[in-house]
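Numbering (UniProt numbering), first residue to last: 1 to 274. All C-beta atoms in this analysis are idealised placements derived from N, C-alpha and C, irrespective of residue type, glycine included. Below is one structure; the comments refer to it alone.
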Ligand code: ATR
């Protein structure tokens, strides 16, 4: 039997095991994914216990996506640039790290926006999630990606750290709100609006044009305030379910060698969310 895990602190909330175990059963694979709670400061000991149980692969969640890197034998170039890993493949004692968050986000977005490269894009936020998405979209070839953030210096640092060619203007949130009508894609990457603070919003949608597409990485609630405001203005929207499902699908593909049924995965995540 193959053994998989998802590690983090906290880990109780993770929906990955239900999603992957359902796929293992559906495809008749003799495999299981378990939640492994590794307390802060205990990463080294926790990883040793994964080695001892001869783990075949694992997902990494908060707060270990960066801290895991020194323990890996190989790192793919995009995860190296992003500086974060969420998927580890273990083969013959070698641990290889990937970042399927950014790639998963891109795959989910491309299904909705095949013309993505030409879309004038605004990213809201400059944290870890923004970094993964910004670098991945720049690497893919999106031509213009502007960034707004509450703390301007963090947005500047993000732009300076990007190793891929892309045109980027940095701006305060107030200016982005004023210029919102110029954007064809707006990507919300902060935690503002996430349950339980569901009424909060990091940016006003007043000037949004109806041809725009608004994507929020939050999936709880399924419709954040900015998504409902965008819908009310006639814009198309996407919540964070796709990113979660596709990061899982790409991890599954790395572990099993084939790409799984994402409709089935979406269904098991939505069922878990209730
Ligand atoms: P993650 O790794 O999940 O992206 P993070 O690194 O803490 O999390 O980044 C969170 C993002 O949400 C940042 O862009 C942060 O803005 P700052 O850089 O100004 O801190 C943004 N954010 C968090 N709380 C916020 C708030 N109350 N108002 C506006 N932006 C907020």
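Just the Cα atoms here: how many angstroms apart are residue i and residue j?
i	j	result
residue 200	residue 208	18 Å
residue 68	residue 176	35 Å
residue 191	residue 173	15 Å
residue 272	residue 93	34 Å
residue 206	residue 13	34 Å
residue 4	residue 31	7 Å
residue 107	residue 130	16 Å
residue 109	residue 39	34 Å
residue 44	residue 54	16 Å
residue 248	residue 50	20 Å
residue 286	residue 52	Past the edges of the chain, shown from 1 to 274, lies residue 286, and the structure says nothing about it.
residue 228	residue 197	15 Å
residue 20	residue 36	15 Å
residue 134	residue 268	28 Å
residue 232	residue 241	21 Å
residue 26	residue 274	21 Å
residue 23	residue 149	38 Å
residue 6	residue 15	10 Å
residue 29	residue 156	46 Å
residue 179	residue 230	15 Å
residue 168	residue 159	7 Å
For the putative contact between residue i and residue j, defined by C-beta atoms under 8 Å, what is the C-beta separation to the nearest angstrom?
i	j	result
residue 57	residue 89	5 Å
residue 194	residue 218	5 Å
residue 100	residue 250	4 Å
residue 1	residue 17	Actually they do not touch by this definition, with Cβ atoms about 15 Å apart.
residue 185	residue 75	Incorrect: roughly 29 Å between the Cβ atoms, too far for contact.
residue 65	residue 86	6 Å
residue 166	residue 138	4 Å
Assuming residue i is part of the alpha helix (DSSP H), what are its boundary residues?
i	result
residue 239	Premise fails: residue 239 is in no alpha helix (DSSP H) and is neither H nor E.
residue 133	128-140
residue 206	From DSSP, residue 206 is part of no alpha helix (DSSP H); its letter is neither H nor E.
Looking at the secondary structure, which residues open and close the beta strand (DSSP E) in which residue i lies?
i	result
residue 88	87-91
residue 2	2-8
residue 98	94-98
residue 33	31-37
residue 180	Looking at the DSSP string, residue 180 is not in any beta strand (DSSP E), and its letter there is neither H nor E.
residue 258	No beta strand (DSSP E) contains residue 258, which DSSP labels as neither H nor E.
residue 215	213-216
Based on Cα-Cα distance, which residue from the options lies nearest to residue i?
i	options	result
residue 96	115, 241, 46 and 60	60
residue 80	163, 105 and 126	163
residue 73	63, 91, 86 and 62	91
residue 225	261, 149, 76 and 188	188
residue 216	86, 123 and 9	123
residue 143	180, 119 and 149	119
residue 265	213, 258, 257 and 244	244
residue 222	178, 259 and 270	270
residue 127	213, 147, 138 and 167	147
residue 125	140, 139, 258 and 145	145
As an exercise, report each continuous beta strand (DSSP E) stretch of at least 3 residues that is fully enclosed by the region 38-80, in chain order. 57-60, all fully within the region 38-80.
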